[in-house]
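Colleague:
Number of protein chains: 2
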Amino acid sequence: MADKSRLSLNTATVNQWSLEECINGCVRHGIAAIDPWRDGLHNLGADVAREMLIDNDIKVSALCRGGMFTGNNTLECEAALDDNRRAVDEAVKINAQCLVLVVGGLPAESKDINDARQQVRDGIGKLLDYSRTCDIPLAIEPLHPMYAADRSCVNTLRQANDICDELGDGVGIAVDAYHVWWDPDLEKEIKRASGRILGFHVCDWLVSTTDLLLDRGMMGDGIIDLPSMRRMVEAAGFDGFIEVEIFSKKNWWQKPGNEVMETMINRFETYV
Amino acid sequence: MADKSRLSLNTATVNQWSLEECINGCVRHGIAAIDPWRDGLHNLGADVAREMLIDNDIKVSALCRGGMFTGNNTLECEAALDDNRRAVDEAVKINAQCLVLVVGGLPAESKDINDARQQVRDGIGKLLDYSRTCDIPLAIEPLHPMYAADRSCVNTLRQANDICDELGDGVGIAVDAYHVWWDPDLEKEIKRASGRILGFHVCDWLVSTTDLLLDRGMMGDGIIDLPSMRRMVEAAGFDGFIEVEIFSKKNWWQKPGNEVMETMINRFETYV
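Quick look at the structure:
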């Protein structure tokens with residue numbers, strides 16, 4: 009099973025905590041790395057966060073998140089690109105190992121997913137011109153097809169690999185177990201992603217799932233074969249931090265943060 | 009746009025009605041075909057249903073549904089197979105053009121989706137030995153990946169095409185827009201399914217979707233490009249009935265059935 013030293017806390021897991029509380033929680037519970045969300049980072053201030061992270065020797069496995077490249081017109085797409093450049097700057101500031109991209113779904117009123125996918129390729133291509141100069145790798149995170157309309161039209165590892173093949177250096181993939189566990193091409197496309205896997209996120213798929221976004225399970229409570237997927241990404245050369253990212257409005261977000269942290273560590277050592 | 013003469017009512021769309029009410033509703037609203045669910049068929053009685061359908065000249069585009077082939081042991085799989093053979097008999101009884109298969113997800117306690125997929129291939133293979141003798145084509149319906157755990161581990165048209173290639177005559181595919189619209193291989197795999205498309209189901213994907221199972225939208229209320237998909241299945245040779253199948257607990261199931269029928273016909277002629 010996975011060693012605690014490889015665990016990174018994605019701050020969405022303890023949504024009840026501020027980023028400051030998350031960093032202090034990592035220190036208290038002996039967690040070596042963190043992946044903060046940008047809203048929390050803005051609240052604390054990137055300079056303060058940077059200092060806290062350095063002082064406490066907490067590594068930053070990634071920054072969540074850039075993306076949302078799709079729009080109805082050039083103006084919308086340019087605004088998204090500006091925001092993505094700011095996200096890259098923030099990633100630099102806190103020494104993040106990569107910037108996670110949730111690429112965006114269909115623009116409002118659009119039914120043309122092929123066009124959205126082209127916009128995503130173009131957007132990542134443009135962002136790369138900047139992110140490469142800052143040495144911040146971009147990590148495309150394919151999202152489950154149930155988010156294709158409103159969050160990400162990149163829904164499979166194959167699509168992400170295709171984009172990486174097309175765009176070259178500076179872009180890789182974040183493999184999130186929740187999004188890809190069902191994929192018949194899982195093993196093949198993880199293997200194909202060798203050398204470009206920038207992140208591995210874990211949680212669990214609950215049966216039954218009561219909410220499309222906010223009902224993810226703690227590792228061990230669902231049906232994803234996490235050890236098997238961990239071995240796949242490791243066989244593809246990934247040896248970085250493994251992030252725990254759990255959106256759980258009705259369950260884990262209602263509990264005391266310390267209880268969530270303890271359970272997370274225990275489950276990580278048992279089920280990942 | 010699609011002609012009303014091609015519309016088939018999947019009875020789940022007016023879940024507030026019994027099968028008898030559905031058949032009478034089809035007569036009243038000039039709907040030429042129906043796809044009944046088995047529970048409604050059992051409630052009315054297959055003999056009575058047969059007579060009503062013949063008397064009113066309502067075609068049966070399909071019977072919903074067989075499948076659920078996966079199990080924890082031989083006993084469970086055999087029980088599923090027995091039930092599927094009964095479903096074939098019922099399809100014969102009401103002159104259904106095919107039997108729709110929702111193939112089943114992970115057996116309880118299992119995390120092995122590859123094994124589940126093998127069980128499905130085996131199960132369909134065994135059912136074919138019977139269904140071929142009855143001249144009832146089996147229509148594999150790939151379900152959206154969000155149902156991979158609990159309803160169907162066949163989640164893409166490519167998987168369904170692979171099974172058809174492997175098993176040969178007597179098995180084809182039901183293309184349901186709700187389940188496959190997001191698929192990057194949509195056009196390619198529909199083309200590959202030429203000659204084996206046994207059904208085309210429509211509804212719409214709502215933004216936002218509030219329930220994984222029971223929040224489907226009426227055609228035109230969501231983001232699926234239905235005319236484009238209709239042209240794809242037609243280019244692949246499909247000229248059968250187009251089923252409207254809408255699970256909508258909070259919206260359409262709460263309205264008077266006749267209102268749903270009128271809206272359905274109007275939207276079919278405008279958005280399909």
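Protein sequence lines, in the order shown, are assigned to chains B and E. Position 115, counted from 1, in the first sequence is what the numbering used here calls 123; the numbers after and before it change by one each time, with no gaps. Position 182, counted from 1, in the second sequence is what the numbering used here calls 190; the numbers after and before it change by one each time, with no gaps. C-beta: ideal position from N, C-alpha, C; glycine also. The structure displayed is predicted, hence computed values, not measured ones.
From the DSSP output, read off the bridge partner residues of S256 (chain B).
Modeller: On the first sequence, position 248 is the one that residue 256 (chain B) refers to. S256 (chain B) pairs with B:D223.
Colleague: Chain B partners of N163 (chain E), CB-CB under 9 Å?
Modeller: Against the second sequence, residue 163 (chain E) aligns to sequence position 155. Near N163 (chain E) (Cβ distances below 9 Å), the residues of chain B are P153, W190, D191, P192.
Colleague: In whole angstroms, what is the alpha-carbon distance linking S202 (chain E) and L194 (chain E)?
Modeller: Along the second sequence, one-based indexing puts residue 202 (chain E) at 194. Along the second sequence, one-based indexing puts residue 194 (chain E) at 186. The alpha-carbon atoms of S202 (chain E) and L194 (chain E) are separated by roughly 13 Å.
Colleague: Below 8 Å between beta carbons: does that hold for V252 (chain B) and V210 (chain B)?
Modeller: The residue labelled residue 252 (chain B) in the question sits at position 244 within the first sequence. The residue labelled residue 210 (chain B) in the question sits at position 202 within the first sequence. For V252 (chain B) and V210 (chain B), yes; Cβs fall inside 8 Å.
Colleague: For C72 (chain E), list the residues DSSP reports as bridge partners.
Modeller: Residue numbering aside, residue 72 (chain E) sits at position 64 when the second sequence is read from its first letter. DSSP output for C72 (chain E) lists E:W45, E:V108 as bridge partner(s).
Colleague: Counting only beta-carbon separations shorter than 8 Å, does L135 (chain B) have a partner in chain E?
Modeller: As a working note, residue 135 (chain B) is residue 127 in the first sequence. Cβ-Cβ to chain E under 8 Å: no for L135 (chain B).
Colleague: Could you give the DSSP three-state label for S236 (chain E): helix, strand or coil?
Modeller: Residue numbering aside, residue 236 (chain E) sits at position 228 when the second sequence is read from its first letter. Note: S236 (chain E) maps to helix in three-state DSSP.
Colleague: Counting only C-beta atoms, is S216 (chain B) closer than 8 Å to chain E at any point?
Modeller: What you label residue 216 (chain B) is simply residue 208 of the first sequence in a count that begins at 1. S216 (chain B) counts as touching chain E.
Colleague: Using a Cβ-Cβ cut-off of less than 8 Å, list which residues of the segment 119-133 of chain E approach chain B; keep chain order.
Modeller: The residues in question are K119, D120, I121, R125.
Colleague: Is the separation between the beta-carbon of V108 (chain B) and that of E149 (chain B) shorter than 8 Å?
Modeller: In the first sequence, the residue the question calls residue 108 (chain B) occupies position 100. In the first sequence, the residue the question calls residue 149 (chain B) occupies position 141. Yes, Cβ-Cβ distance for V108 (chain B) and E149 (chain B) is below 8 Å.
Colleague: Please name the residue in E:G176, E:T78, E:L135 whose C-alpha comes closest to that of G113 (chain E).
Modeller: Taking the second sequence and counting its residues from 1, the one referred to as residue 113 (chain E) is at position 105. Looking at the Cα atoms, E:T78 is the closest of the given residues.
Colleague: What is the rounded straight-line gap between the Cα of L49 (chain B) and the Cα of M237 (chain E)?
Modeller: Your numbering for residue 49 (chain B) matches position 41 in the first sequence. Your numbering for residue 237 (chain E) matches position 229 in the second sequence. Near 43 Å, if we compare the C-alpha coordinates of M237 (chain E) and L49 (chain B).
Colleague: Count the other CB atoms within 10 Å of the CB of P192 (chain E); is the residue buried (16 or more) or exposed (fewer)?
Modeller: What you label residue 192 (chain E) is simply residue 184 of the second sequence in a count that begins at 1. When all chains shown are included, P192 (chain E) counts as buried.
Colleague: Any C-beta of chain E sitting closer than 8 Å to the C-beta of I231 (chain B)?
Modeller: Stepping through the first sequence from its first residue, residue 231 (chain B) is reached at position 223. Cβ-Cβ to chain E under 8 Å: yes for I231 (chain B).
Colleague: Does the beta-carbon distance from D223 (chain E) to K258 (chain E) come in below 8 Å?
Modeller: If you number the second sequence from 1, residue 223 (chain E) lands on position 215. If you number the second sequence from 1, residue 258 (chain E) lands on position 250. Yes.
Colleague: Work out the CA separation of M154 (chain E) and N169 (chain B) for me, nearest whole Å.
Modeller: Residue numbering aside, residue 169 (chain B) sits at position 161 when the first sequence is read from its first letter. Residue numbering aside, residue 154 (chain E) sits at position 146 when the second sequence is read from its first letter. Approximately 22 Å between the Cα atoms of the pair.
Colleague: Checking the sheet assignment: what are the DSSP bridge partners for G207 (chain E)?
Modeller: As a first step, residue 207 (chain E) is located in the second sequence; it is residue number 199 there, counting from the start. Partner(s): E:A182.
Colleague: Between V241 (chain E) and the rest of its own chain, which residues show a CB-CB distance below 7 Å, the 5 nearest in sequence each way excluded?
Modeller: In the second sequence, counting from the first residue as 1, residue 241 (chain E) sits at position 233. Once the five neighbours on either side are set aside, the close Cβ partners of V241 (chain E) are V183, I198, I205, F208.
Colleague: Please look up how many angstroms separate the CB atoms of S216 (chain B) and D120 (chain E), rounded, as I've assumed it's under 8 Å.
Modeller: As a working note, residue 216 (chain B) is residue 208 in the first sequence. As a working note, residue 120 (chain E) is residue 112 in the second sequence. The Cβ separation is near 19 Å, so there is no contact.
Colleague: How should L83 (chain B) be labelled, buried or exposed, when 16 other C-beta atoms within 10 angstroms of its C-beta is the threshold for buried?
Modeller: The residue labelled residue 83 (chain B) in the question sits at position 75 within the first sequence. Exposed, since its Cβ has fewer than 16 Cβ neighbours within 10 Å.
Colleague: Within this structure, are the beta carbons of G225 (chain E) and D212 (chain E) separated by less than 8 Å?
Modeller: What you label residue 225 (chain E) is simply residue 217 of the second sequence in a count that begins at 1. What you label residue 212 (chain E) is simply residue 204 of the second sequence in a count that begins at 1. Yes, Cβ-Cβ distance for G225 (chain E) and D212 (chain E) is below 8 Å.
Colleague: Can you confirm whether Q167 (chain B), when its beta carbon is compared against all beta carbons of chain E, has any partner nearer than 8 Å?
Modeller: Indexing the first sequence from 1 puts residue 167 (chain B) at position 159. Yes, its Cβ sits closer than 8 Å to a Cβ of chain E.
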